Ligand code: R1P
Ligand code: URA
């Protein structure tokens, strides 16, 4: 290789920062170190908790960079990675972009892998099937649903994006025209103080939602006699861009500055008339909108299951202790792993 050519090889594209070895800038790994089936968690400490469920001795890769920790191993013989995103849709945007690069950019050819249906597929090229990428977020959340129990699991079907991350992207035509998504958006705008904010709507992939529900049922069917069943509720997830005012929590002097002070009460009363029937808002958290919206653009299959640690409507308003959350979180991890290898 000439001097000029080797220097060229070391140049990094500022719009696609990947090291010459093929390591992405934030998600610090190479393509072959990341499985196609990925659990996403907010808390980096949860990566270890998930990896403990992997097949004994199977973890073959681990990295830590900022809030993004990665472990890759196998679960019941199937390759699985767990990746932490930290808190918020802004981090999820980074993680999904870099997962996309790791899955679909060919670092040897320096070009995007072709997909079936592309206008130009070079002869003999292997086409990439985006549906092989499956992403399940295992998180914690609050709930505005009056009948929700502390420690229950909220399984996402529809999503209300109260953040602005994906407003900077154009959704697929199919998503934009979806009667159900337009209905969710219409009801949110008409019946909540979010009318003045540009909310967007999206949906978890039905295969993921159904896979999580099937895994919840199977989990409960296989419990030992007398063991407590894991409650779960399927519904709409409202994703916020913060934890306090952005989720209707009024902290001291901020009370008078809240644009939507009755957010939880308003969300608790919503009902959407969608294809699946009457749908309620099951939970409020901080990542699912970007996960589902960006995955839908790419044709990846994504969804979320979150442990309710804050019960914010109904007779009692409660926040779970660490111990109360721990059992449900372990159940959620097991259920998500069973779902992701079963889909
Ligand atoms: C807030 O406490 C954080 O917890 C929830 C929210 O979405 C936010 O990230 O999820 P994780 O427990 O996955 O981080
Ligand atoms: N995570 C959130 O984002 N909100 C809650 O209320 C609890 C956990």
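Residue numbers (my numbering): 1172 to 1514. Built from N, CA and C at the ideal position, the CB exists for glycine as well. These figures come from a predicted structure and were not determined experimentally.
Compare the beta carbon distance of residue i and residue j with 9 angstroms and say whether it is the shorter of the two.
| i | j | result |
| --- | --- | --- |
| residue 1512 | residue 1208 | yes |
| residue 1413 | residue 1370 | no |
| residue 1346 | residue 1352 | yes |
| residue 1218 | residue 1254 | yes |
| residue 1455 | residue 1337 | no |
| residue 1249 | residue 1461 | no |
| residue 1269 | residue 1198 | yes |
| residue 1458 | residue 1310 | yes |
| residue 1467 | residue 1393 | no |
| residue 1211 | residue 1306 | yes |
| residue 1504 | residue 1330 | no |
| residue 1507 | residue 1476 | yes |
| residue 1314 | residue 1440 | no |
| residue 1359 | residue 1278 | no |
| residue 1241 | residue 1204 | yes |
| residue 1213 | residue 1326 | no |
| residue 1450 | residue 1328 | yes |
| residue 1243 | residue 1206 | yes |
| residue 1510 | residue 1382 | yes |
| residue 1356 | residue 1380 | no |
| residue 1452 | residue 1354 | no |
Which stretch, first to last residue, makes up the beta strand (DSSP E) that contains residue i?
| i | result |
| --- | --- |
| residue 1503 | Not the beta strand (DSSP E): residue 1503 falls in the alpha helix (DSSP H), residues 1493-1513. |
| residue 1450 | 1448-1450 |
| residue 1328 | 1324-1332 |
| residue 1372 | 1371-1374 |
| residue 1482 | 1472-1482 |
| residue 1444 | 1443-1445 |
| residue 1208 | 1208-1212 |
| residue 1233 | 1232-1236 |
| residue 1239 | 1239-1246 |
| residue 1255 | 1249-1255 |
If you follow the alpha helix (DSSP H) that residue i is part of, which residue opens it and which one closes it?
| i | result |
| --- | --- |
| residue 1223 | Premise fails: residue 1223 is in no alpha helix (DSSP H) and is neither H nor E. |
| residue 1461 | 1459-1469 |
| residue 1303 | Careful: residue 1303 lies outside any alpha helix (DSSP H) and carries neither H nor E. |
| residue 1271 | 1260-1275 |
| residue 1352 | 1350-1362 |
| residue 1345 | 1344-1347 |
Using only alpha-carbon positions, find the residue among the options that is nearest to residue i.
| i | options | result |
| --- | --- | --- |
| residue 1286 | 1301, 1279 and 1295 | 1301 |
| residue 1170 | 1203, 1376, 1437 and 1288 | The requested residue 1170 is not part of the displayed model; the chain covers only 1172 to 1514. |
| residue 1432 | 1419, 1444 and 1423 | 1419 |
| residue 1299 | 1284, 1234 and 1221 | 1284 |
| residue 1187 | 1453, 1275 and 1402 | 1275 |
| residue 1399 | 1203, 1322 and 1379 | 1322 |
| residue 1267 | 1465, 1494 and 1327 | 1465 |
| residue 1491 | 1478, 1303 and 1234 | 1478 |
| residue 1368 | 1383, 1354 and 1334 | 1334 |
| residue 1484 | 1495, 1434, 1282 and 1469 | 1434 |
| residue 1282 | 1361, 1193 and 1395 | 1193 |
| residue 1489 | 1319, 1262 and 1226 | 1319 |
| residue 1304 | 1324, 1291, 1251 and 1296 | 1251 |
| residue 1374 | 1363, 1498, 1447 and 1423 | 1447 |
| residue 1324 | 1423, 1201, 1296 and 1390 | 1390 |
| residue 1258 | 1308, 1225 and 1397 | 1308 |
| residue 1200 | 1183, 1225, 1234 and 1224 | 1234 |
| residue 1472 | 1427, 1514 and 1425 | 1514 |
| residue 1246 | 1226, 1262 and 1237 | 1226 |
Report task. Kindly provide the ranges of any beta strand (DSSP E) runs that are 3 or more residues long and lie completely inside the region 1393-1434, ordered along the chain. Result -> 1403-1410
Query - Sequence-ordered residues whose beta carbon comes within less than 7 angstroms of a heavy atom of ligand 2 - result: Chain-ordered, the residues whose CB falls short of 7 angstroms from any heavy atom of ligand 2 come out as 1311, 1312, 1313, 1411, 1414, 1418, 1455, 1456, 1457, 1480, 1481 and 1483.
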